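All remarks here apply to the structure that follows.
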Amino acid sequence: MKLYFSPGACSLSPHIVLRELGLPFDLVKVNLGTKQLSDGSDFCAINPKGYVPLLILDDGTKLTEGPAIVQYLADLKPESDLAPANGTLPRYQLQSWLNFISTELHKQFSPLFNPTFPDTVKDFQKKRLALRFDQLNDTLKTQEYLMPSG
């Protein structure tokens, strides 16, 4: 397997899962600013979406989107208990949280670090993030982890 990544990007979670599971893989660094690999080749020729993560399986199949990749990887080693069994309600709860984190949390940080966004947009994003973190805190008031135990 080959994981295309960029430091500080959404590719961190698949990288962690690959390491946690002890699966063999190669890392390929992507410059998201230039959309180039370290050898100068065009990343968009490999992944037209132009962003990471991208996981290329040994048979050449391509997977994108962090939540899909981490669940695929967890299914390669079900004995790891890294994810609930496929087709179960807890698995769909996991999908819900992974999607919440990737869309409602992680993506909301981008404008805060982009100098082209005006302060009004950044202030709006900060308020939106505060609401999302309140939602997380509400869940964590009643259980130790986002996923219910048991």
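Quick note: the sequence shown uses the UniProt record's numbering, first residue 1, plus one each step. Where a beta carbon is used, it is the ideal one built from N, C-alpha and C, also for glycine. For clarity, every value in this text was computed on a predicted model and none was experimentally measured.
Residues in the same chain with beta-carbon distance under 6 Å from residue i, minus the five sequence neighbours each way, listed in chain order, please.
i	result
residue 35	43, 44 and 50
residue 46	none
residue 97	146
residue 132	104 and 105
residue 52	4, 5, 6, 9, 11 and 30
residue 56	2 and 62
residue 121	111
Report all residues from its chain with a CB closer than 8 Å to the CB of residue i; omit the five preceding and five following residues, and keep chain order.
i	result
residue 21	73, 74, 76, 77, 80 and 82
residue 24	1
residue 143	149
residue 88	none
Output the boundary residues of the alpha helix (DSSP H) element that contains residue i.
i	result
residue 149	That residue, residue 149, is in no alpha helix (DSSP H); it is neither H nor E in DSSP.
residue 137	119–140
residue 90	89–99
Taking residue i as the reference, give the member of the options with the closest Cα.
i	options	result
residue 136	109, 116, 113 and 100	100
residue 12	61, 54 and 149	54
residue 128	138, 108 and 139	108
residue 124	115, 56, 134 and 111	111
residue 32	48, 26, 19 and 18	48
residue 139	120, 113, 93 and 59	93
residue 18	69, 119 and 114	69
residue 58	26, 64 and 87	26
residue 16	37, 60, 39 and 71	71
residue 65	14, 114 and 91	14
Ignore the nearest five residues each way along the sequence and tell me which others in residue i's own chain have a CB closer than 7 Å to its CB.
i	result
residue 67	95, 98, 99 and 102
Could you name each continuous alpha helix (DSSP H) segment of 4 residues or more that falls completely within the UniProt domain "GST N-terminal" (1–81), going from the start of the chain to the end?
Entirely contained in the UniProt domain "GST N-terminal" (1–81), the alpha helix (DSSP H) runs reaching 4 residues are, in chain order, 12–21, 43–46 and 66–76.
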